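A.B. asks: If you're matching positions, the sequence shown starts at 1 in the numbering used here and goes up one per residue.
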Amino acid sequence: MEELGRALPGSEGFVDAEQNTKNTNNHNEFCLNCGTKLQDTFCHHCGQKDIPKRQTLGELWTNFISSFWSYEGKFFLTTRFLITKPGFLAIEYNAGKRESYYHPARMYVFISFVFFLFFSMSSNLDDVVEKDAKVQLDKDDVAELKEDHPKLNIDSLLKINLGDSSKKWSVPQNLLDSINKLDKKKKSNVGFSLTDSKYKTVEQYDSAQNALPENKRDNWIERKFVLRNFELMKQYEDKDFGKEFGQAFLDNFSKVLFFLLPVFALLLKLLYIRRDYFYSEHLVFSIYYYNFFYLAGTLQILAGHLDHITIFDWAGSIIGFWILLYLLFAMKRMYGQSWGKTILKFMIFGFLFTICIGIGFGISAVFLLFAI
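1. Please classify residue 321: does DSSP put it in a helix, a strand, or coil?
2. Do residue 368 and residue 229 have their CB atoms nearer than 8 Å?
3. Would you decide whether residue 359 is buried or exposed? Buried here means 16 or more other CB atoms lie within 10 Å of its CB.
4. Do you know offhand how far residue 35's Cα is from residue 80's?
5. Give me the Cα-Cα distance between residue 104 and residue 199, rounded to the nearest whole angstrom.
6. Going by beta carbon distance, what residues of the same chain come within less than 7 Å of residue 108, once the five residues before and after it are set aside?
7. To the nearest angstrom, how far is it from the Cα of residue 101 to the Cα of residue 220?
8. Keeping to the same chain, check which residues put their C-beta closer than 7 Å to that of residue 370; ignore five residues upstream and five downstream.
9. Taking the alpha helix (DSSP H) that residue 52 falls in, what are its first and last residues?
10. For the alpha helix (DSSP H) containing residue 365, list its first residue and its last residue.
11. Alpha carbon to alpha carbon, how far is residue 46 from residue 283?
12. With the cut-off set at 8 Å, would you say residue 345 and residue 271 are in Cβ contact?
13. Hey, out of 303, 121, 260, whose CA is closest to residue 402's CA?
14. Here's a check: name, in chain order, each residue in its chain whose Cβ is nearer than 6 Å to the Cβ of residue 304, leaving out the five neighbours to either side.
15. Measuring from the CB of residue 299, is there a heavy atom of the ligand SAM at a distance below 7 Å?
16. What are the start and end residues of the alpha helix (DSSP H) that includes residue 282?
17. Near residue 294, what residues of its chain come up, given a Cβ to Cβ distance below 7 Å and the 5 sequence neighbours on each side ignored?
18. Considering residue 56, what are the terminal residues of the alpha helix (DSSP H) in which it resides?
19. Check whether the Cβ atoms of residue 353 and residue 86 lie closer than 8 Å to each other.
20. From this set, 277, 297, 327, 338, which residue's C-alpha is nearest residue 319's C-alpha?
21. Do residue 50 and residue 28 have their C-beta atoms closer together than 8 Å?
22. What first and last residue would you give for the alpha helix (DSSP H) that runs through residue 384?
23. Take residue 202 as the anchor and find which of 216, 231, 213 has the nearest alpha-carbon.
24. Where residue 376 and residue 38 are concerned, what is the direct C-alpha to C-alpha distance, given to the nearest angstrom?
25. Determine the DSSP secondary structure at residue 85, reduced to helix, strand or coil.
26. Please report how far the alpha carbon of residue 285 lies from the alpha carbon of residue 262, in whole angstroms.
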C-alpha cells in the first residue's frame, strides 16, 4: 500500500507543486531535507526546493491549488498521449525527456490498481445482476426440473400451474439456484476430478500401485495430482469448487500479468535483436503498453455497464479493437520499420506471447490447485 500511495497522482502533484511554485526569496541557508548549504533555489544535493520551514495558511492553499494544476498538467498530458499516440511516450522517455510526463512505473501501479478494482467490482455486480435475472421456462423445462429433483414439489416452489394456458413462465434465477441447493443429492461437484483415476480412496490407489511393477507405477508428478485430487474431493464435497477456484484464479490474474511483463519485453528484444536497443528500452515500451491496456480495459468495463445507453452500444467493441491495433501502431512508431516488417513481427509477437500467456496461466492454475 505504501507503493500505491506513492503512485497516486494527487500525492505526486503535491510534491511537484512544492518544487515548482515560484519563489524569489531565499528562506534558508541550509537545505531542510539533507542539510547541504544552498547555492540556489533548489538543493544541488537532494533537489528539494528552498521553501519555508513553516507554511502559512495562504502558502498551504497556494500549494494545494498548484498541486491540482501540476497533477492535471503532467498526469492528464501523459494520459492523452498514451491514448492518442501509440509508442510516443516510450520514445520520449528513452530519449531522456522524462520530467514533462508522469513516470511510467508509478503510472503502472496507479492504473493497474484502478483496473483491478473496477474488474473486481464488475464481477460482483455481474453476480448481483444474475441473481436478479428472470428465466423463461416452458413445459419441457419444468418437466426436466421435476426429473432432476423428484423429491421436490416443483409446481409449488415455482408457483405455477401446468394447467394454465400460458406456454412460458417467468421465474427468478435466484429461485432456481435455491432449488438446486434444496436437493441434497444434487451437488455442484458431482464428477469433479483432476485426474482420470478410478479409485475412490487413497488406500485403494496405494494398493493398486503397489501391485504394479515399479516401472509401471505413476511418477512423482502423477502421484501428487492423484493425492491432491482426493484431498479436494473431500474438501469440496458440499461446496462449489469451480466457483471458489475461479475466484482465486481471478485474484491471481494481476500477478500473472505482472510476471509476464519482462517476458513481453524479452520477446521484443528478440524480434528487434539487430536494432540498437537495450533490453531496458524495450521494457519501458512494454510498461507503457501495459499502462494503455489497463486504462483501455477500465474504460471497456465502464462501457460494458453502460451499454443500455445508445452511445455506448459499440464502445466496448471499439475499445477492444483499439487495444489490439494499438500495439501494432506503437511498434511502427517505436522501431521505425516498414509496415510489412512491422505487421509480420506483430503477428509473430502475438503468437509467441499468446503461448506465454497460456503457460503463465497454466502454471498459475497448478499453483492454485495445491494452494487453495
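Note that beta-carbon positions come from the ideal geometry of N, C-alpha and C, so glycine has one too. All values derive from a computational prediction rather than experimental measurement.
C.D. replies: Inspection of the coordinates gives the following:
1. Reduced to three states, the DSSP call for residue 321 is helix.
2. Contact annotation: residue 368 and residue 229 have beta-carbon atoms that are not nearer than 8 Å.
3. Residue 359 comes out exposed.
4. Whole-angstrom Cα-Cα distance: 39 Å.
5. Taking the straight line from one Cα to the other gives about 53 Å.
6. The residues are 287, 290, 291.
7. In a straight line, the C-alpha of residue 101 is about 52 Å away from that of residue 220.
8. Closer than 7 Å at the Cβ level, and outside the excluded window around residue 370, lie 228.
9. The continuous stretches of alpha helix (DSSP H) do not include residue 52, and DSSP gives it neither H nor E.
10. Counting along the chain, the alpha helix (DSSP H) containing residue 365 begins and ends at 339 to 369.
11. Near 27 Å, if we compare the C-alpha coordinates of residue 283 and residue 46.
12. Contact flag set, yes.
13. Nothing can be reported for residue 402: it is not among the residues displayed for the chain, which extend from 1 to 372.
14. Correct list, in chain order: 316.
15. Ligands displayed in this structure: none; no statement on the ligand SAM is therefore possible.
16. Counting along the chain, the alpha helix (DSSP H) containing residue 282 begins and ends at 279 to 304.
17. These residues qualify, in order along the chain: 111, 112, 115.
18. Per DSSP, residue 56 lies in no alpha helix (DSSP H) and is assigned neither H nor E.
19. The criterion of a C-beta distance shorter than 8 Å is not satisfied by residue 353 and residue 86.
20. Nearest to residue 319 by alpha-carbon distance, out of 277, 297, 327, 338, is 297.
21. A contact, by the Cβ cut-off of 8 Å.
22. In the structure displayed, the chain extends from 1 to 372; residue 384 sits before or after that span and is not available.
23. Taking only the C-alpha atoms, the option nearest residue 202 is 231.
24. A query on residue 376 cannot be resolved here, the shown segment of the chain reaching from 1 to 372 and no further.
25. The three-state secondary structure of residue 85, taken from DSSP, is coil.
26. Approximately 11 Å, taken between the alpha carbons.
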